[in-house]
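Student: Just passing along the structure, written as structure tokens.
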Amino acid sequence: MGWADVAGDTALTIKVPEADPLVKAGFPAHVTVLYPFLHESRIDGRVHGELLDLFGSYDAFELTFAEFGRYPGVLFLEPRPADPVRALTKELTGRWPEAVPYRGLFGEGLDPHLTLANHEGPETWQRAYDALEAECAPALPVTARVGAVHLIVRDGDGWRDRTVYPLRRSDGATPCRFPGPRTG
């Protein structure tokens, strides 16, 4: 893709386990809110508190995935509505302007999406993704309730969960708090 993940990279993502059976990309179904975020070494108690407050100020929402989209070499599902994800990204990049979406490789970033496959080369991706769309289409639409944003960390070999930041419940109840960052 043009970037190399390094140990300590972080990302803020929305997990979509309802779509896991459709994903052929080698990682769980998710929508990226911001990648990369801050290096793991910079996520201290202050940043954790700011993230809790930021995400806790947004209502939980629902996303529906019913349409395919493509970037060169990538097949994805488009979330609807995408505006809640865009709003979160905009607020995060406003507070942490050094967290440039996708390291600036795509200008201001990519539209919110859920990657299904990203492994085909230039000669095969169109045909392969036509077949994958036909295989996945009967399972659509997929609907997911979004109640949290996950901070994940690159540990050298893969990504691991670090912290879950709850969104405000739309019923007005206070969300339960998940563990903060680990120290040491």
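Per the working numbering, residue 1249 is the first one in the sequence shown, and the count goes up by one each step. Glycine included, C-beta positions come from ideal geometry on N, C-alpha and C. In this text, all values refer to a predicted model and were calculated from it rather than measured experimentally.
Pick from V1412, A1376, G1357, H1398: whose alpha carbon is nearest that of N1366?
Tutor: Ranking V1412, A1376, G1357, H1398 by Cα distance to N1366 puts A1376 first.
Student: Should T1363 and V1322 be called a contact, given that it needs their Cβ atoms to be closer than 8 angstroms?
Tutor: Taking 8 angstroms as the Cβ cut-off, T1363 and V1322 qualify as a contacting pair.
Student: Measuring CB to CB, does E1310 end up less than 8 angstroms from V1394?
Tutor: In this structure, V1394 lies closer than 8 angstroms to E1310 by Cβ.
Student: With H, G and I counted as helix, E and B as strand and the rest as coil, what does DSSP make of M1249?
Tutor: Residue placement at M1249 is poorly supported in this model, since its pLDDT is 44, which falls under 50; the coordinates still yield a value, given next. Correct three-state label for M1249: coil.
Student: Entirely within the stretch 1294-1365 and at least 3 residues each: give me those beta strand (DSSP E) ranges in chain order.
Tutor: Taking only runs of at least 3 residues, the beta strand (DSSP E) segments lying wholly in the stretch 1294-1365 are 1309-1319, 1322-1328, 1362-1365.
Student: Going by beta-carbon coordinates alone, are L1435 and L1282 separated by less than 8 angstroms?
Tutor: Lying before the first or after the last residue shown, residue 1435 is absent from the chain, which here runs from 1249 to 1432.
Student: Leaving out five residues on either side along the sequence, give the residues of the same chain with a beta carbon under 8 angstroms from the beta carbon of T1391.
Tutor: Only E1266, E1310, L1311, T1312, F1313 meet the Cβ criterion.
Student: Please work out which residues of its chain come closer than 7 angstroms, Cβ to Cβ, to D1268, disregarding the five sequence neighbours upstream and downstream, and give them in chain order.
Tutor: For D1268, where only same-chain residues beyond five positions count, the Cβ hits under 7 angstroms are P1276, A1277.
Student: Going by the DSSP bridge assignment, what does V1394 pair with across the sheet?
Tutor: Looking at the DSSP assignment, V1394 forms a beta bridge with F1309.
Student: Can the beta-carbon of R1402 be found less than 8 angstroms from the beta-carbon of V1254?
Tutor: A contact, by the Cβ cut-off of 8 angstroms.
Student: Applying the 10 Å Cβ sphere with the 16-neighbour rule, what's the burial state of A1252?
Tutor: So A1252 ends up on the exposed side.
Student: Tell me whether L1270 sits in a helix, a strand or coil according to DSSP, three-state version.
Tutor: Residue state, collapsed to three classes: helix.
Student: I'd like the span of the alpha helix (DSSP H) that includes L1380, first residue to last.
Tutor: Its alpha helix (DSSP H) spans residues 1373-1384.
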